[in-house]
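Structure, as structure tokens:
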Amino acid sequence: MSPCRHISLLCALLLPLAPQAAELVILVDTATEMPMARFDRFRLVDGIHKDVGEALAAALGRTPRFVALPRKRIAGALDTGSADLLCGYVPEWLDGAFGWSQPFFPMLEEVISDSAGTRPRSLADLRGELLGTVFGYQYPDIERALGKGFLRADGPSSEINLRKLAAGRLHHVITMKTFIDYRMKLGDPVLSLHAPLPVKNHLTRCAVSRKGRVSVAEVDRAIAAMVRGGAVGQIAARYQ
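So for the sequence shown, the numbering used here puts the first residue at 56; every next one is plus one.
Shown next, in the form of structure tokens:
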């Protein structure tokens with residue numbers, strides 16, 4: 056008879072522990088809003104970033120750990136290797152010497168305009184008009200189209216810009232379709248809008264730290280597996 060039958064607790068303590076999955080440290084901008092991210096005391100609790108990060112970590116055989124940082128600190132965290140990656144971006148939106156994964160998650164950038172004014176038919180119609188933007192965010196396609204005629208009205212968040220639009224303090228706001236569709240579904244705030252003016256349909260990527268725990272090749276293989284398995288489409292559909 057095995058002695059462990061009588062001293063099971065001691066035996067359990069002496070047995071080798073099961074290996075823990077290595078971490079995947081994923082950055083999320085604290086200014087990000089639903090449906091991209093929801094925070095509870097700086098802890099990511101919901102949204103596309105959480106779903107994508109968890110699916111990516113699972114495909115890599117790692118345990119996800121989300122780190123919420125202000126936008127101005129994100130590039131530094133990637134540069135030093137204190138975080139592994141940041142998803143939902145394209146290279147034009149983030150300055151720094153990072154690796155970039157293959158494109159995989161769709162994001163449509165658009166301009167929304169209140170119905171009280173004239174509907175813009177092209178970006179050229181917005182030259183010299185105040186456009187609601189988020190402080191610290193880059194809009195390279197609009198900058199190229201409008202040049203010096205791109206007049207930013209920076210706000211702390213896209214939600215604040217929508218409230219300014221509802222109050223008549225702004226007439227045009229640059230946003231992502233996922234965000235405005237989510238807010239319109241909630242009915243908060245109540246808006247009367249022209250049909251949106253599409254700017255560009257981006258396939259966003261993950262910025263990968265050159266000093267992190269995973270390589271671009273590993274991330275690309277994980278993304279390919281997510282796409283094949285339908286995870287990317289399922290995550291996008293959840294928030295439509």
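Every residue gets a Cβ at the ideal spot worked out from N, C-alpha and C, and that includes glycine.
Quiz item: Of the residues S170, D150, A77, which one's Cα is nearest the Cα of H226?
Solution: The shortest Cα separation from H226 among S170, D150, A77 belongs to S170.
Quiz item: To the nearest angstrom, how far is it from the Cα of E109 to the Cα of L220?
Solution: A direct Cα-Cα distance of roughly 35 Å separates E109 from L220.
Quiz prompt | According to DSSP, residues forming a beta bridge with M162 | solution = In the DSSP output, where bridge partners are listed per residue, M162 has H257.
Quiz item: Helix, strand or coil for A73 per DSSP?
Solution: Low local confidence applies: a pLDDT of 44 at A73 is under 50, so the model's placement there is unreliable, with the coordinate-based value given in what follows. A73 falls in the coil class under three-state DSSP.
Quiz item: Do G284 and L140 have their C-beta atoms closer together than 8 Å?
Solution: Against a cut-off of 8 Å, the Cβ pair of L140 and G284 comes out as no contact.
Quiz item: Can you name, in chain order, every residue of its own chain whose Cβ lies under 7 Å from the Cβ of V287, other than the five neighbours on each side?
Solution: So the list reads F159, F160, M281, once near-sequence residues are dropped.
Quiz item: Going by C-alpha distance, which of G172, V145, V122 is nearest G136?
Solution: Taking only the C-alpha atoms, the option nearest G136 is V122.
Quiz item: Does the separation of the CB atoms of I229 and G187 fall below 8 Å?
Solution: Between I229 and G187, the C-beta gap is smaller than 8 Å, which places the two residues in contact.
Quiz item: Looking at C-alpha atoms only, which residue of H104, L201, T87 is the closest neighbour of I215?
Solution: Among H104, L201, T87, the Cα nearest to that of I215 is on T87.
Quiz item: Which partner residues does P84 have in the DSSP bridge list?
Solution: Position check: residue 84 holds Asp in this sequence, whereas Pro was assumed. Under DSSP, D84 forms a beta bridge with L124.
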